[in-house]
Amino acid sequence: MTAIDIAEMPVSEKLKLMEALWDSLCVRKDGGFESPAWHEQALKEAEGDLAAGTARFVDWADAKEQLRGHGQV
Numbered sequence: 107m108t109a110i111d112i113a114e115m116p117v118s119e120k121l122k123l124m125e126a127l128w129d130s131l132c133v134r135k136d137g138g139f140e141s142p143a144w145h146e147q148a149l150k151e152a153e154g155d156l157a158a159g160t161a162r163f164v165d166w167a168d169a170k171e172q173l174r175g176h177g178q179v
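Here the numbering used here is used: the sequence shown runs in plain steps of one and ends on residue 179.
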C-alpha cells in the first residue's frame, strides 16, 4: 500500500487502517516498544498545566508548521 493509495481512501477506511496500525503497535509479540524516559515527565507537566488552567492549545495545522520550522516534521 502506498501513500497515494491511502490518500485516495475514504475517511472511514483511513480510520479503520489507522486503528489496525495502532493495534499492531500495541499488541506486538516482541513486547512492542517503550515510551522514551522523558515522555512520562512531559505528560505529567501537560496534565499539571491543564489542571492549573495554564495549558495552551494550538491548531494542529499551526503546530505542524511550527515543528517543520524546527526540522521535526
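The beta-carbon is built from N, C-alpha and C at its ideal position, and this holds for glycine as well.
Given the structure is predicted, the values throughout are model-derived calculations rather than measurements.
Check, Outcome
"Between the CA atoms of R174 and D168 - distance to the nearest angstrom", "10 Å"
"H145: first and last residue of the uninterrupted alpha helix (DSSP H) it sits in", "A143 to A158"
"First and last residue of the uninterrupted alpha helix (DSSP H) at E140", "Taken as a continuous stretch (DSSP letters only), E140 belongs to no alpha helix (DSSP H), as it is neither H nor E."
"DSSP three-state assignment for S162, whether helix, strand or coil", "According to the sequence provided, residue 162 is Arg. The question's Ser does not apply to it. Coil."
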